[in-house]
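Trainee: Dumping the structure here so I can ask a few things about it.
4 protein chains.
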Amino acid sequence: AAAAAAATAMSLTSDEVNFLVYRYLQESGFQHSAFALWNESYLGKSSVMSGSVPPGGLVTLLQKGLQYVDVEWHVTEDGLEVDCDDTPTLLT
Amino acid sequence: AAAAAAATAMSLTSDEVNFLVYRYLQESGFQHSAFALWNESYLGKSSVMSGSVPPGGLVTLLQKGLQYVDVEWHVTEDGLEVDCDDTPTLLT
Amino acid sequence: AAAAAAATAMSLTSDEVNFLVYRYLQESGFQHSAFALWNESYLGKSSVMSGSVPPGGLVTLLQKGLQYVDVEWHVTEDGLEVDCDDTPTLLT
Amino acid sequence: AAAAAAATAMSLTSDEVNFLVYRYLQESGFQHSAFALWNESYLGKSSVMSGSVPPGGLVTLLQKGLQYVDVEWHVTEDGLEVDCDDTPTLLT
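Chains as they are written, first to last, in my numbering: chain A, 952 to 1043; chain B, 952 to 1043; chain C, 952 to 1043; chain D, 952 to 1043.
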């Protein structure tokens, strides 16, 4: 049932991703990158703007993504835990 | 047990996040933002570089993050599904 | 008389200088710099835009500026040439 | 003689022009453009760097370039002033 629920989870729009990234760039002190992205992705014309992206939103969501991957690796579809000590790596 | 496994999931380094973002900017055609980030975050000096970030890596991981949030919302710690039709929104 | 004429020469507006620089950046292949300047200096909203800056306009004008400096160094106000082999340097 | 002197005036190297432009961008508050140009033109590896470009160097030299053009318009090769009230325009 959890898997079923997950399967219907909402998707992200491009504007939402861009805005998460933009906020990340700002918060990381990458001002030039943030400026460029603002102009390249036309964020100023996006309706996402007024929304309140929580501080650290991009990293928080990425971490949850990793947790999801971790569960995928270590739990079967029946909910049984796999006896496995491997940790998923980000870049593969 | 799944929750326990998730709780020990690895964390992301700054370089890894920056590289995921850099690849996203490139793949999205935001060449100026990618150029700026490359220089601002000193990615050229990072050891992450040679790693192979899969295409669409950032968005894929963000989507999994959303799925994780969705599970958090709709499944209790005991693994029971909550009767709830709400969908978590990204920007809150 | 020449000096008098020169003294009344027109001045450059900020937009004109920015546009000369923008074209220079473009022609030099500095696409990221050109993109940033376009956005930072609001050139898109400038009335200078439609004007036709000749190719190489910035460098041509800088070269003429150097020639003017050279004349200033080697010709007196009376139009007499100074016996001097020095060449003015750009960066002083 | 003045014309002859001018004809032998030094020329500008690419690095010199880039550095004049870089300083102009900085002084004008175009920080993102300056950052991009620094990286795109590899100014950090240029030997011009330590040189002291005077404040406002680019605009000063452009203005002198305009004065030179003005003289070209209004003075014959014999040094006689032409009876002409036209002012040269920058962008043609």
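Backbone N, C-alpha and C define an ideal beta-carbon position, used for all residues, glycine too.
Helix, strand or coil, according to DSSP, for residue 1026 (chain A) in the structure here?
Mentor: The residue you call residue 1026 (chain A) lines up with position 75 of the first sequence. In this structure, residue 1026 (chain A) counts as strand in the three-state DSSP scheme.
Trainee: Is the Cβ of residue 1018 (chain B) closer than 8 Å to any Cβ of chain A?
Mentor: Counting from one through the second sequence, the residue named residue 1018 (chain B) turns up at place 67. Yes, its Cβ sits closer than 8 Å to a Cβ of chain A.
Trainee: Whose C-beta lies closer than 8 Å to the C-beta of residue 988 (chain A) among residues of the same chain, with five residues either side of it excluded?
Mentor: Translated into positions along the first sequence, residue 988 (chain A) becomes position 37. Within the same chain, residue 988 (chain A) has close Cβ partners 969, 972, 973, 976, 994.
Trainee: Using a C-beta to C-beta distance shorter than 8 Å, which residues of chain D count as neighbours of residue 977 (chain C)?
Mentor: As a first step, residue 977 (chain C) is located in the third sequence; it is residue number 26 there, counting from the start. One finds nothing in chain D with a Cβ atom closer than 8 Å to the Cβ of residue 977 (chain C); even the nearest lies about 12 Å away.
Trainee: What number of angstroms, rounded off, separates the C-alpha of residue 1015 (chain A) from the C-alpha of residue 985 (chain B)?
Mentor: One-based indexing of the first sequence puts residue 1015 (chain A) at position 64. One-based indexing of the second sequence puts residue 985 (chain B) at position 34. About 25 Å.
Trainee: If we require 4 or more residues per run, which alpha helix (DSSP H) segments fall completely within the segment 963-996 of chain D?
Mentor: Counting whole runs of 4 or more residues, the segment 963-996 of chain D contains the alpha helix (DSSP H) stretches 965-978, 982-991.
Trainee: Residues of chain B with CB under 9 Å from residue 987 (chain D), in chain order?
Mentor: For this step, residue 987 (chain D) is matched to residue 36 along the fourth sequence. Here the neighbours are 983, 986, 987, 990.
Trainee: Taking residue 962 (chain A) as the reference, which of B:1030, B:1011, B:1036 has the closest Cα?
Mentor: Residue 962 (chain A) sits at position 11 when you count from the first residue of the first sequence. If we check each option's Cα against that of residue 962 (chain A), B:1011 comes out closest.
Trainee: Just checking my contact of residue 999 (chain C) with residue 967 (chain C) at CB under 8 Å: how many whole Å lie between their CB atoms?
Mentor: Reading the third sequence from its first residue, position 48 is the one you call residue 999 (chain C). Reading the third sequence from its first residue, position 16 is the one you call residue 967 (chain C). Going by Cβ atoms, the distance from residue 999 (chain C) to residue 967 (chain C) rounds to 6 Å, so yes, they are a contact pair.
Trainee: Of all Cβ atoms in chain B, is any one closer than 8 Å to the Cβ of residue 994 (chain A)?
Mentor: What you label residue 994 (chain A) is simply residue 43 of the first sequence in a count that begins at 1. No - not a single Cβ of chain B is within 8 Å of the one on residue 994 (chain A).
Trainee: Using the Cβ count rule (16 or more neighbours within 10 Å means buried), how would you classify residue 1033 (chain C)?
Mentor: Along the third sequence, one-based indexing puts residue 1033 (chain C) at 82. Residue 1033 (chain C) should be labelled exposed.
Trainee: Does the beta carbon of residue 997 (chain B) come closer than 8 Å to any beta carbon on chain A?
Mentor: The residue given as residue 997 (chain B) occupies position 46 in the second sequence. So, not an interface residue.
Trainee: So, does the CB of residue 969 (chain D) fall closer than 8 Å to a CB anywhere in chain B?
Mentor: Walking along the fourth sequence from the start, residue 969 (chain D) turns up at place 18. So no, residue 969 (chain D) is outside the interface.
Trainee: Give me the chain A residues within the contact set of residue 1007 (chain B), using Cβ-Cβ distance strictly less than 9 Å, ordered along the chain.
Mentor: On the second sequence, residue 1007 (chain B) is found 56 positions in, with the first residue counted as 1. Going along chain A, no residue has its Cβ under 9 Å from residue 1007 (chain B), so there is no contact; the nearest lies around 11 Å.
Trainee: Can you tell me the Cα-Cα spacing of residue 965 (chain C) and residue 990 (chain A), whole angstroms?
Mentor: Counting from one through the third sequence, the residue named residue 965 (chain C) turns up at place 14. Counting from one through the first sequence, the residue named residue 990 (chain A) turns up at place 39. Rounded to the nearest angstrom, the two C-alpha atoms are 22 Å apart.
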